[in-house]
Amino acid sequence: MDQEQGNALSLGRRNFLKATGAGIGATGLALAAPGQAAASPLTEKQKLDRIASNTWPLRFIFKSRMSFGANPRTEELKKKYGEITMLDMPQFTKEQFPGVTHMDLFSGLFGDVTDDSMYVQVPLMVGAATRTSREFDPSSTSGKQWLDKLANTMAKSGTKCQHISNNAPRDICELDEEKRKAGIEVAKKWLDGAKIIGAKSMRVNSGGPRLAPVPVATSDYPRNNEIEKYLANCIESFKVMADHGSKVGVKVTLENHWGLTANPINIRIIVDSVNSPFCEASPDFCNWEHEYLMYNGLKSLAPYAHTNVHAKYWNRWKDNDVKRSVKIMTASGFEGTFALEYEDGPWDGVEGSKYLYKEVLAAL
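When the letters of the sequence shown are read in order and numbered with UniProt numbering, they come out as residues 1 to 364.
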């Protein structure tokens, strides 16, 4: 995409912020200008094209090498829905979410868990202890073959990978330069793999401290010099990743997903500084540190998102109006997909995803 198109994206963001800042409408959402024709209602097919299934809430029924925490209902869920792998996800999507053809795939569920050759050992810090995790390597020969198989399975079923929710690239804003560059290289391998399966975008976490550095008192006004270092590194890393993404046709995205990106303004700072059509936001409806960000944070990120968002239900918050969040996104001009990411609440992962399916459809 050329510079003119990049400028158009920035202009669109400014126009949206100007409209919302003016407080147009009782709900605070941007409304069409007087005399501007209202958009035609979406057909049922067009609405379904705006929804993506999501593997994260289904993780407990996946055959997997990863531990996703204790869930006493795992065996019960597998008896109810069957045990699946990523290669089953296209058909599972079609059966459980009629009319949906797009998918949001979690990195921790990639690969054939019976084939060691497509996994690498990765040391992880858990508290003060170090443990080793085995993670899918999209650059391995067997890993590439598996990705080809997934791509063929999707093609036969008429499904597509819209987005990869990726936890594999780490340390993207790390002050340790060696760790930061290693994280970028992992992201590049995954971007290459994302191209094989036709993904449009891929989340990369900012890394760094789980809790972002806070300001310290000075002789005059509190200042946060520490966070500037992490932001500078994150911006530089995303510039490199966005450049690589432009070569393979896959966007890199930032999600409000702890650390630096828990604050939506930091995401805007990074995306604006990278200034590439291959770097954008992929907001999550519920990943906020406090309740006042539920809708205000989403409004601030909406004009920075173009490809995929996580339409989430999470009982962490008492006010979790999915329809309201969907309308915030559509009011901003968002034309991407709403991935059904149920986190926790009164239903199991499949039931919760189906609840979101109905809520998103009703709001579109």
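Glycine included, each C-beta is placed from N, C-alpha and C at the ideal position.
DSSP lists T132 as the bridge partner or partners of P123. In this structure, H163 sits near M202, with a CB-CB distance shorter than 9 Å. Residue range 201–204 is occupied by the beta strand (DSSP E) that includes S201. DSSP places Y355 in the helix class (H, G or I) of the three-state scheme.
Looking at the DSSP output, V216 shares a beta bridge with R223.
Look at V100 here: in three-state DSSP terms it is coil, with no helix or strand label. Segment contact: the stretch 343–355 against the stretch 302–309, fewer than three CB-CB distances shorter than 8 Å; contact not assigned.
Fewer than three beta-carbon pairs drawn from the stretch 181–190 and the stretch 148–161 are found closer than 8 Å, and the two stretches are therefore not classed as touching. Annotated three-state conformation of S157 is helix, per DSSP. When secondary structure is reduced to three states using DSSP, W56 falls in the helix class. A Cβ-Cβ distance of about 7 Å is found for the pair L340 and A52, placing them in contact under the 8 Å criterion.
Here the C-alpha atom of V271 lies approximately 40 Å from the C-alpha atom of K78.
Taking all protein chains in view, the Cβ of S117 is surrounded by fewer than 16 other Cβ atoms within 10 Å, so the residue is classified as exposed. N256 carries a coil assignment under DSSP once its states are collapsed to helix, strand and coil.
Judged by DSSP in its simplified three-state form, F278 adopts coil rather than helix or strand. In this structure P213 is not in contact with N205, their Cβ atoms being roughly 17 Å apart against a cut-off of 8 Å. Between the alpha carbons of V274 and V248 lies a distance of about 18 Å. Within 10 angstroms of the beta-carbon of I227 lie 16 or more other beta-carbons, which makes it buried. Spatial neighbours of V350 in its own chain (CB-CB distance under 7 Å, excluding positions within 5 residues in sequence) are listed in chain order as L58, Y81, Q96. Around the beta carbon of V360, 16 or more other beta carbons sit within 10 angstroms, so the residue counts as buried. In this structure, M103 sits near C161, with a CB-CB distance shorter than 9 Å.
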